[in-house]
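Trainee:
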Amino acid sequence: MLGPFELVSGTDRLALGGPRRRATMALLAVRAGTVVSVDQIIDGVWGDTAPPGVRNQIQVYVSALRALLTGQGEPRDLIQTHPGGYLFRPRRESVDLRLFEDRVAAADGALTRGGLGEAGGLLREALALWRGPALGGVTGRFAETEAARLAERRITVIEQRLDIDLALGRHPALVSELVNLVDEYPLREVLRARLMLALYLGDRTAEALSVYRDARATLVEELGIEPGTRLREMEQAILRGDRPAELAERWLTDARLAAPAPAPPPAVARRAAHLPADLADFVGRHAEIAAAVATLGGTGPAPATLVIVGQPGMGKTSLAVHLGHRVRDQYPDGQLYVNLRGPQSDPETVLGYFLRALGRTGPLPDNLAERSALYRSALADQRVLVVLDDAASERQVRPLLPGSGTCAVLVTSRANLAGLGTHRLVLEPLGEEYALTLLAGVVGRDRVTAELDAAGEIVHLCGYLPLAVQIAAVRLATRPHWNLERLARALRDEHRRLDELAVGDLEIRASLALSYEGLPAAARVGFRRLGLVGAADVPSWVVAALLDLGPDRADDVLDELVDVHLLEPHPGQPDGSVRYRMHDLPRLYARERAEAEDPAESRSAAVRRVFDAYLDLAGRANAALASDFVDAAGPTTPRWTLPARLAQGLCATPLDWFETERASIVSAVGQAVELGDAATAGALAAASATFFEVRNYFDDWQRTHRAALDLCAAEGDALTAVPLRRNLGELHTIQDNYDLAIECFTTALADARALGLAGHEAASLAGLGYLRRVLGQYGPATVAFTEAARLGRELGNRACEVYATLGLGVICRETGRTGESVAHYEHGLALSLASPYRPGEAQALRGLGLLALDRDALDEAEEHLAAARDIHTASGDRLGQAHALLWLAEIRIRRGALPAGETMLAWCLLVYREHDNAFGQALTLRRLGSAHLTAGRVDSARGSLTEAVRIWRRLRSPYWLADSLDVLVAVEDRRGDDAAANSARQEARRLRAALRAEAGTVPPNTGVPGTKVR
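Counting from 24, one number per residue, gives the positions in the sequence shown under our numbering.
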């Protein structure tokens, strides 16, 4: 199956007969071991064109195939008859697809054991089984679907094997292979990213950046879109000059791989060593270890000094001790270690301890400066490593620094210790793979493997912090009668999690308390209040809202928290801002302290101020998008807002602001729902709907609106519910759920009229107009659009007026009233330009482009459609880009540039499938069918058109169903199937007759504009 479909006996290829019999055998083989019903065979092999006696025909085919196989010595029950279907049961080793999957599964097993080389070899064996495109020579609906799935499976395995080779340091040999793969899969941006990484690892930076430029040029020039996130991140990392090894480590961590740790240096003789015992099996941190070893092994006039910093529980001490053991043979004159959080941690006491360890006897100076000088003298020209663990400040560390460049110093601290001016290593949480490895090293691999999902949840709930994972592991190891799910269940309860993460003298809460208690008073309050916010990260102004302070004073509090790593700054956001992230366990401790130290009224007021600020900013950003169909004030007015100038600056680029705050807005809606605040949840969700639509964040749209609407229903808040229900109608429309959309719009319309909400009434009418038009109900659609346009005009809501006006233009085009259609589109364009209303401008340009295409004015059509594409590209609306590119591809095809047009259509189909947009998929499949027919690929054309027809029937869209059937008629004529062609022709005629009858209910000149835009 992994190439031309064949049955092979010995060295002989068996004759399978005609295409239908071959397809039947292929379908049984693909689903080997599973009963395939007769209906499934009919649908997969014949689709909608099955002849009346097809079931008897299938019996004949199966009998012939069974005879063919038994003639080669195979048992007769190799193909078994079951009630309603057939079962093919070949030996597993006789099917190349199963061999392929078995080797891939074996490779996965090798990876879990850390056998990168073994895994890579197994994947090579798996890929060597492929002889060409899967199921070659097989026709039918199932074959196209299955071949596409297997092709995707193959390239996914290739990418896994490439990542393994990168982890093994084989990047030089990958470059030529990646170049070929990029040529084969030009739209697969992750392949280009891997090529950039391989070149960068080979010190070929200029060539790596050239790959990005080529990719961007191709995407922008050919499709009018920008590269995706992973490709852009790779380019930015290279431009920043990130260390190649660290960049590779990040990539491989995302791929659930990691480079092997470097081999330890050969052992040499050593003297006294104060280092604590190293961990028996240190996990992860390969990039950090490599960088640290390089730093500590350096020579110069001053001691090589490295400061390891990170939040509590990050494993700073474990890493420092591990590093000490890794480099101790380079420091044969001794290794000194002290925990500076101990009872005798003042520098003078520590110096006394160090001096005696270095052989000093007799009385020591009482003066700190003299002791420090004596210490430096003792270390002069000595190869000594000094480890200062858990330092509190620069003042504590400076007297303990050697003066000789022959020594090295390793410091760990919760604070940044920026005053030391040395190399700094900031620790992040472990990746999931390493955290699981740490857990398994204590609990036992068998227990972890047996409950892998529970183990994954445990390390996740531990925040991937080494200390927390270690505590969880010890608890499980000392309770062998516990299953892992029991601990996972206990950790899910946020109120118990810190209690659960304690064993013996190890406790996460105590580790966090050390950092918290060392904070100034204002920073302690800020830390506590941040624990009340549900978002994973926040902008700086959230602290201002929590503390009811000005932004500058809030920044001082943030600096204090960042300095001790209770917060992490994350610059480079889409809007240019810096965000601050608090990991889960510190957040739980912060909330715990807030509940213990702050009155409930203070906590509630702090959260309310954050909600108010988000409502104000979201309202400003939404208004700046100029896309709101309603243009009405929300049901709640913010009481606490940021200074006007700051708020205006934050929302200056509204899409960037929304993109940056997207997760926080979703979280805030959820938190408001939990607090029973329907007005806030609903207003914030509704204010974000336009952004969710423009950027195609449909899951966020659904989640926020559904949660807020359910709360409105529970509380009887009809006013807040109206915009939410209307917005859900829009979402259901985009996702082709027309019945649900009509229900939402109809309910919203009735409630809006009852409550006197004219803006929401107009918006609901516009949505209903679109749906009635798609369903071929031109009379009701025209009434709804006309009323929506009137209301929008009276309310001064250009967005609604434009949408309804353009909807009337579509109706006129579909009913053959071209002159009226042009008038509607031109009027909608003029309104949009006067507003300005960019989405309406793009939609009007698309409509004018289609009208130009109708009369074959290709240059004019291209001008309009390219302008529409550019508007969608500027806003980051990938669905909008696909809507425009679909017709630009048609222009390419009509001009004879068939390959370029098909490439554009392939990209459009990819986008529509990403967003589960069936309407767009059907439009694209119809155009692909036409392109395949032009190229003489009749079977491919039939497959695309059959799928398009199936979707149009499901969507109940008669206009486009008739349009696709017309092309299917031409395909069937080419195939010589007169019956199928006549059936499709008759259906198209019936549909058009019904549409003409419906069009007759629409009065002429309905809604045609007669006023000028001023």
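Built from N, CA and C at the ideal position, the CB exists for glycine as well.
1. For the alpha helix (DSSP H) containing tyrosine 935, list its first residue and its last residue.
2. Which partner residues does histidine 593 have in the DSSP bridge list?
3. Starting from histidine 105, follow its DSSP beta bridges and name the residues at the other end.
4. Pairing CB atoms from the stretch 584 to 593 with CB atoms from the stretch 329 to 338, are three or more of them under 8 Å?
5. CB leucine 122 to CB methionine 24, shorter than 7 Å?
6. Flag this pair as yes or no: are the beta carbons of alanine 773 and alanine 811 separated by less than 7 Å?
7. With a floor of 3 residues, list each beta strand (DSSP E) that falls wholly inside the stretch 686 to 735, ordered by position along the chain.
8. Give the single residue among Leu984, Arg177 and Arg551 whose Cα lies nearest to the Cα of alanine 623.
9. Which residues in the same chain as leucine 20 place their Cβ atom closer than 7 Å to its Cβ, once the five residues preceding and following it in sequence are excluded?
10. Taking only the alpha-carbon atoms, compute the straight-line gap between glycine 782 and asparagine 820 and give it to the nearest angstrom.
11. Using the three-state DSSP reduction, which class does proline 27 fall into: helix, strand or coil?
12. In the DSSP assignment, find the unbroken alpha helix (DSSP H) run with asparagine 645 in it and report its ends.
13. Between which two residues does the alpha helix (DSSP H) harbouring histidine 906 extend?
14. Which first and last residues belong to the beta strand (DSSP E) in which aspartate 412 is found?
15. With distance defined between alpha-carbon atoms, name the residue in Ala958, Ala941, Leu932 and Asp900 nearest to glycine 919.
16. Helix, strand or coil for tyrosine 826 per DSSP?
17. By DSSP, does serine 32 sit in helix, in strand, or in coil?
18. Would you check if the distance between the CB atom of arginine 520 and the CB atom of leucine 611 is smaller than 7 Å?
19. Would you list the one or two residues that DSSP bridges to arginine 447?
20. Entirely within the stretch 824 to 871 and at least 4 residues each: give me those alpha helix (DSSP H) ranges in chain order.
21. Secondary structure at leucine 222, three-state DSSP: helix, strand or coil?
22. So, does the stretch 341 to 354 touch the stretch 303 to 314, judging by three or more C-beta pairs under 8 Å?
23. For tyrosine 982, which residues in the same chain have their Cβ closer than 7 Å to its Cβ, ignoring the five residues on either side in sequence?
24. If you measure between the beta carbons of leucine 197 and aspartate 206, is that distance less than 7 Å?
25. For arginine 293, which residues in the same chain have their Cβ closer than 7 Å to its Cβ, ignoring the five residues on either side in sequence?
26. Would you list the one or two residues that DSSP bridges to proline 562?
27. Leaving aside the five residues before and after valine 306 along the sequence, list all residues of the same chain whose C-beta is less than 6 Å from its C-beta, in chain order.
28. Quick check on this structure: which residue in Thr435, Asp635 and Asp679 has the alpha carbon closest to the alpha carbon of arginine 662?
29. DSSP three-state label for valine 1025, please.
30. How is the beta strand (DSSP E) around tyrosine 539 delimited, first residue to last?
31. Roughly how many angstroms lie between the CA atoms of leucine 39 and arginine 979, to the nearest whole one?
32. If we count the other Cβ atoms within 10 Å of its Cβ and call it buried at 16 or more, is asparagine 203 buried or exposed?
33. Are there any heavy atoms of the ligand NAD lying less than 6 Å away from the beta-carbon of aspartate 1000, as far as the coordinates show?
34. For leucine 433, name the three-state secondary structure that DSSP assigns.
35. I'd like the list of long-range same chain contacts for leucine 381, defined as Cβ closer than 6 Å, with 5 residues on each side in sequence excluded.
36. Within 10 angstroms of its Cβ, does arginine 547 collect 16 or more other Cβ (buried), or is it exposed?
Mentor: On the basis of the data shown:
1. First-last of the alpha helix (DSSP H) with tyrosine 935: 921 to 937.
2. According to DSSP, which records beta bridges pairwise, histidine 593 is partnered with Arg602.
3. Answer by DSSP bridge pairing, in chain order: Gly108.
4. The stretch 584 to 593 vs the stretch 329 to 338: in contact.
5. No. Outside cutoff.
6. A distance of 7 Å or more separates the beta carbons of alanine 773 and alanine 811.
7. The DSSP assignment places no complete beta strand (DSSP E) segment of no fewer than 3 residues inside the stretch 686 to 735.
8. Checked all of Leu984, Arg177 and Arg551; the closest Cα to alanine 623 is Arg551.
9. Past the boundaries of the shown model lies residue 20; the chain is included only from 24 to 1037, so the question cannot be answered.
10. A straight line joining the alpha-carbon of glycine 782 with that of asparagine 820 spans about 8 Å.
11. Correct three-state label for proline 27: strand.
12. Counting along the chain, the alpha helix (DSSP H) containing asparagine 645 begins and ends at 623 to 648.
13. Per DSSP, histidine 906 belongs to the alpha helix (DSSP H) from 901 to 917.
14. Residues 408 to 414.
15. Residue Ala958 holds the alpha-carbon nearest to the alpha-carbon of glycine 919 among Ala958, Ala941, Leu932 and Asp900.
16. Tyrosine 826 falls in the helix class under three-state DSSP.
17. Serine 32: strand per DSSP, three-state reduction.
18. For arginine 520 and leucine 611, yes; Cβs fall inside 7 Å.
19. DSSP output for arginine 447 lists Val330 as bridge partner(s).
20. Within the stretch 824 to 871, the complete alpha helix (DSSP H) segments of 4 residues or longer fall at 841 to 857, listed in chain order.
21. Helix, per DSSP.
22. The stretch 341 to 354 is in contact with the stretch 303 to 314.
23. Answer for tyrosine 982: Gly799, Glu837 and Leu1018, listed in chain order.
24. It is not a contact, given that the beta carbons lie outside the stated cut-off.
25. Confidence is the limiting factor: at arginine 293 the pLDDT is only 36, short of 50, which leaves the residue's position unreliable, though a coordinate-based value still follows. These residues qualify, in order along the chain: Arg351, Asp352 and Pro355.
26. Looking at the DSSP assignment, proline 562 forms a beta bridge with Arg602.
27. Once the five neighbours on either side are set aside, the close Cβ partners of valine 306 are Tyr457, Thr460 and Leu461.
28. For the residues Thr435, Asp635 and Asp679, the minimum Cα distance to arginine 662 belongs to Asp635.
29. Under the three-state reduction of DSSP, valine 1025 is assigned to coil, being neither helix nor strand.
30. First-last for tyrosine 539: 531 to 540, but that is the alpha helix (DSSP H), not the beta strand (DSSP E).
31. Within the model, the alpha-carbon separation for leucine 39 versus arginine 979 is close to 39 Å.
32. With a threshold of 16 other beta carbon atoms within 10 Å, asparagine 203 falls short and is exposed.
33. With respect to small molecules bound, the structure shown includes none, and the ligand NAD cannot be examined in it.
34. Residue state, collapsed to three classes: strand.
35. Cβ neighbours of leucine 381 within its own chain (closer than 6 Å, five residues either side excluded): Ala401.
36. So arginine 547 counts as buried.
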